[in-house]
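Data first, discussion second: the structure below is written as structure tokens.
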Amino acid sequence: MLLQEAAAAGAHPLAGTAAEWIWLVPILPLIGFLINGLLSLSSVAKLGPKNPAEHHAHHGDHADDHHDAAGHAAHGHGGSHDDHAQPARHRYAAIVSLVGPAVLALSFLLTTTIFIALAGAHAETPFVKRMFSWIATGNMGIDASFQVDQLSMVMAMVITGVGTLIHIFSVGYMQDDPGYPRYFAYLNLFVFFMLVLVLGANYPMLFVGWEGVGLCSYLLIGFWFSEKANADAGKKAFIVNRIGDFGFLVALFLLFANLGTLSFAGVNAGADQLAPGSALVTTICLFMFLGCAGKSAQIPLYIWLPDAMAGPTPVSALIHAATMVTAGVYLIARSAVLFSLSPVASLTVAFVGALTALFAATIGLKQWDIKKVLAYSTVSQLGYMFVGVGVGAYAAGVFHLVTHAFFKALLFLGSGSVIYAMHKAYHHTGNHDDAQDMRNMGGLRKFMPVTFILMWIATLAIAGIPPFAGFFSKDEILGSVFARTHGSTLADATWLGIPGSTMLYAIYVMGLAAALLTAIYMTRMMLYTFHGPNRTGEAERTHLTEAPWVMTAPLAVLGVLSAVGGWLNLPAFFPAGPVQALHHWLEPVTGQAALRVTKGAEAHLEHSTEYVLVGIAVAIAAIGIAFAIARLKPQALVTKSQSPASEGFARVLEEKYFVDEGYDKVVVQPLLGVSRSVLWKGMDAGLIDGLVVNGSAQLARGIGWVGSRMQSGQVGTYAWVLIIGVVAVLGAFSLR
Amino acid sequence: MMVPEALALSAVLFCIGVVGVLTRRNAIIIFMCVELMLNAVNLSFVAFSRLYGMTGQVFVVFVMTVAAAEAAVGLAIIISIFRHRQTVDLTNINLLKG
Amino acid sequence: MPNFFYELHFYLFGLFAIASALTFVTRKSPVAAALWLVSTMFSLAALYVMMDAHFIGAIQVLVYAGAIMVVFLFVVMLLNLGHPDELSDLRGKWGRLAAGLLGLAILAQVMALSRTRPEASLVQSDFDRLAELRGENAVAAIAKPLFSDHLLAFELTSVLLLVAIVGAVVIGKRRAST
């Protein structure tokens, strides 16, 4: 009896529930990847000049090019634009359309089941499902295991939920692409790795997912690889991420060297051995943040994300807005215990986040490509999330991650819907204008009313207008920053000689400024896209239509989520409803760390102070929107081809502060020079090829030459050598 | 039992055989020197068999068999070489030259 | 039993073997050298008999001195190498000196190494050789282990001899083309 009771007490409340099937959540997308990948491979083998009908399939983000991923450069454009025949679908389109979203939907259902089980279990400790021993050498034992806890399940819900919607949207958006099965194979593989990333129970598992999503990101950015710019964008993302991964790996090495374990449970338990504020824990956290800056596009490694818009728009929505780029935020929330031990590293995270939020927002002011606006907006919002997790408000950071996934996915899919319509209109008339440039749009609300309304909801959400989702999460972050200015370890610390409280005030002001700019550039985007006169062109205008239901339905779902997503975590002063639900939900994971930052006290402001802060935030958002509506004149815009080049500071913003050019001069060119002159000519050609490879060959030839000279063929000589050898060996024996 | 004396004699004979191999150039004489070395070894086998049992003498029988086979083949080779080169002087024979 | 007479003869035959061997390696004529080698072998046969290895002594005379050396002489005469006024096959003075030094070096080393005691476990403590010999004749004493413990090796020697015979015939045969 006693034994049974002990076993029952030791068993996790989730043992034996649906959580045991957690492994199936990532495996389902993997199965989808295998099926779609095999279909893709089998159709590639059959594709060829024999079947030109398939090559007529035209679809892409840009009006003019890169539609034929199967790569047939010889195919002329002029002829194909004249026939208005519906482009041929891929031969496996039906089965792929079924399998691709279905595996995600199943995965989402299972995640929901486990989520409900977790909610009912009130588990204070994570449930770890061990699959098999993965790495076992010496004193390092790493299992392939999945972790069910409050944080991982929130992430899994977002990934599978938003992922399913984006998969469904893709069925409509990508239907005419010749690489249709390949697209879904990549997308399913991405979801698999993303789920491994958030469900893994140790850092190496997380790292596998981390690298896997990087790979899929690369594959999908360069999905239309026949155009060099797209392939280059993929390579850029991959290489910039490698810099961050270096930091992540160093952090892992340091963790293992000092704690001897890499599982989340082990690190959280062992973190007490690390002295708070010590150089070691700060180093670990800063290296880890370098990894986050790469993956989540923070200064100085943000440059890859705007270029990543070369991929299909649903990819931008899923990978480069909703899920993968938030992996850095997840990593910091997951390592909250470590970051809470290092106020300096936390301040760094928050400051870099605030700087990125402001910096990217200014660039977003002057972009003309609709996806570029959203890309810089994503960078900016990611900065907000880092401000949240940086100041120790881990729940607030994750909250913004979730709401951002809703409204940014909606914005991207909405822009995808717009681009789809624009592209189709241009396709009908054979126009080669840029389907993504806002100067070519205008007045689309008449043609796409559903997209128009939903996009406005998302815009209000991101701008921070109540009661939409973004208002709550952004306000939560800004309020947390303000609350930490007194009575927290961050305020007491000094950062490069600056008092922490000063830093926090600066971060708060930068956050407000970024919020203002966000409201302005989002309103600008909406005005130029949907309002004012239409600039698409007389002939094209007749072909502008709303997207099919398979694309608008996911938009509608996301619209609802963007509108009500804030209810997940209502502010504490709210009179009714489930106050701070997400905050309490995440308490078992991040609560302890958050309390350490606030010195054990719940960080709550006076309600009067909160009202003032909320008032300021809403006022700033409203001012931004009003300013944009008042100052911007969509009527005055002319199409891209007739627009004069901008001048002065506007040009600096439009050219993104020339950061890419600067990196090219300061980093890339010197690196290339060193690689060429030292590594290639010196090391590779000179040392490796010259000395080691050819040198050893020369040495062997020389020894061989000497040896062959010694082979005189004189048996007598051989006998002499033999006897001398005998004497030597016997001498060695007898002298011993 | 005179075993140490027999072993010493064996060593001396063996060394004489070695010196013969080193100093002579006539293939047949070198061959005979090798036979002398084999005989020296046989002597040590017989001497040890007084201490350790009959296996030593059994081994001598085997050595003699091998020596006989070796003599047959070796002399055939020498005859064959002589037929081609009209000499058995080893300094003139360098077929093994690398 | 060993006694003075026995030891005298042992040393006598031993010294004669050494002397014959030295003479053998220094003769210019191959025929003379071969005959001195035969003399060495006879001395060794006598020593074998003195060391109670009667059968070995017998086949030493029969096989070595009788058969093998006759083949050597036969080849020497067949090739007409018997003339001593041929160019000497001895190496030069320095070569001989070096060879002698090397031989002495090996001898010294062997002698130095022979101070090592034999492994005690190898010595058959209860081995009574005379009792063994008294019970059987000389041939049976060696035949018993040869045809029991070493039967396989013995049978293999027959194969070796066959191969040697065939090889000698093939190599020695005058080829039709040449």
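Residue numbers (this note's numbering), protein chains in the order written: chain A, 296 to 1031; chain B, 7 to 104; chain C, 13 to 190.
The beta-carbon is built from N, C-alpha and C at its ideal position, and this holds for glycine as well.
| Item | Value |
| --- | --- |
| Leaving aside the five residues before and after T847/A along the sequence, list all residues of the same chain whose C-beta is less than 6 Å from its C-beta, in chain order. | V745 |
| Excluding five sequence neighbours on each side, which residues of the same chain lie with their C-beta closer than 6 Å to the C-beta of A79/C? | none |
| Taking 8 Å as the CB-CB limit, is V40/B close to chain C? | no |
| Just the Cα atoms here: how many angstroms apart are P42/C and V122/C? | 30 Å |
| For Q993/A and chain B, any beta-carbon pair shorter than 8 Å? | no |
| How far does the alpha helix (DSSP H) with Q676/A in it extend, from its first residue to its last? | I665 to G685 |
| Do the CB positions of Y625/A and M450/A come within less than 8 Å of each other? | yes |
| Mark D567/A as exposed unless 16 or more other C-beta atoms lie within 10 angstroms of its C-beta, in which case mark it buried. | exposed |
| So, is the C-beta of G1008/A closer than 8 Å to a C-beta in chain C? | no |
| How would you call L966/A, buried or exposed, if buried means at least 16 neighbouring beta carbons within 10 angstroms? | exposed |
| Can you confirm whether the segment 16-31 of chain C touches the segment 58-66 of chain C when touching is taken to mean that 3 or more C-beta pairs between the two stretches lie within less than 8 Å? | yes |
| Out of P939/A, D728/A and G854/A, which has the shortest C-alpha to C-alpha gap to P762/A? | G854/A |
| Counting only Cβ-Cβ distances shorter than 7 Å, please list the residues of the segment 147-176 of chain C near chain B, keeping chain order. | A153, I154, P157, L158, H162, A165, T169, L172, L173 and A176 |
| Nearest to V491/A by alpha carbon, out of L514/A, I534/A and A439/A? | A439/A |
| Does V151/C pass the burial test, meaning 16 or more other C-beta atoms within 10 Å, or should it be called exposed? | exposed |
| Counting only the same chain and skipping the five closest in sequence on each side, list residues whose C-beta sits under 6 Å from that of T893/A. | S783 |
| Would L59/C pass as an interface residue toward chain B - the criterion being a Cβ-Cβ separation below 8 Å? | yes |
| Anything in chain A within Cβ reach of T61/B, meaning under 7 Å, just list it in chain order. | Per Cβ cutoff of 7 Å: no residues; T61/B is ~25 Å from chain A at best. |
| Which stretch, first to last residue, makes up the beta strand (DSSP E) that contains S635/A? | No beta strand (DSSP E) contains S635/A, which is instead part of the alpha helix (DSSP H) from A631 to S635. |
| For the segment 7-39 of chain B, which segments carrying the beta strand (DSSP E) assignment without a break, of at least 3 residues, lie completely within its bounds, in sequence order? | none |
| Count the other CB atoms within 10 Å of the CB of I815/A; is the residue buried (16 or more) or exposed (fewer)? | buried |
| Please classify Y823/A: is it buried, with 16 or more other beta-carbons within 10 angstroms of its beta-carbon, or exposed? | buried |
| If we count the other Cβ atoms within 10 Å of its Cβ and call it buried at 16 or more, is R186/C buried or exposed? | exposed |
| Counting only beta-carbon atoms, is V69/B nearer than 8 Å to chain A? | no |
| Go to I815/A, then tell me how far its alpha helix (DSSP H) extends in each direction, as first and last residue. | G795 to F825 |
| Which same chain residues, not among the five before or five after G542/A, have their C-beta less than 6 Å away from its C-beta? | F582, L585 and G586 |
| CB A670/A to CB P601/A, shorter than 8 Å? | yes |
| Taking 8 Å as the CB-CB cut-off, is N45/B touching chain C? | yes |
| Strictly under 8 Å for the Cβ-Cβ distance: is R127/C near chain B by that measure? | no |
| Give the C-beta separation of G795/A and P638/A to the nearest angstrom, bearing in mind that I take them to be a contact with Cβ-Cβ under 8 Å. | 7 Å |
| With DSSP collapsed to three states, give me the class of A431/A. | strand |
| Report the partner residues of S440/A according to the DSSP bridge assignment. | R425/A |
| Return the chain-ordered list of same chain residues with a C-beta closer than 7 Å to the C-beta of L948/A, the five sequence neighbours on each side being excluded. | T657, I658, L660 and K661 |
| In the DSSP assignment, what residue or residues form a beta bridge with D95/B? | N32/B |
| For G59/B versus F51/B, is the C-beta distance shorter than 8 Å? | no |
| At a cut of 8 Å, does the segment 627-634 of chain A reach the segment 549-565 of chain A through at least three beta carbon pairs? | yes |
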